[in-house]
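Trainee:
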Amino acid sequence: MKLIEGPKNLFYDSFSKLAIFLVKRRLKKGRGEPHVWLTLARLYEVRKEYDIAIDVLRKSLKIFPNNPVLKQHLNRIEQLKS
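For what it's worth, numbering that gives the first Met the number 0 labels the leading residue of the sequence shown as 0, then goes sequentially.
(1) Find out if the Cβ-Cβ distance for the pair Lys23, Leu39 is shorter than 8 Å.
(2) State the Cα-Cα distance for the pair Asn65 and Asp50, rounded to the nearest angstrom.
(3) Can you look up Glu44 in the DSSP assignment and give me helix, strand or coil?
(4) Using beta-carbon positions only, say whether Val45 and Ser15 come within less than 8 Å of one another.
(5) For Leu42 and Ile19, I'd like the C-alpha separation in whole angstroms.
Take a look at the structure:
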């Protein structure tokens, strides 16, 4: 079972980095709907990069201050981190 973990982790790491790159590119092009910001935060969350996910959600809440979904995810990740 351990033999499978190495390639699986490498595959996951490589493609999650690609996904992060693509989502960031979409945000730079001005397509920053709340679900795009949430996707970026979730990608960092599954990589256990909680500080970056929190920063992403805080930035998104400056743009969409009344979005309950973004607020909910920020609260959840902050609890995970502590």
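Even glycine gets a Cβ: it sits at the ideal position worked out from N, Cα and C.
Mentor: So, from the listed chains and residues:
(1) yes
(2) 22 Å
(3) helix
(4) yes
(5) 7 Å
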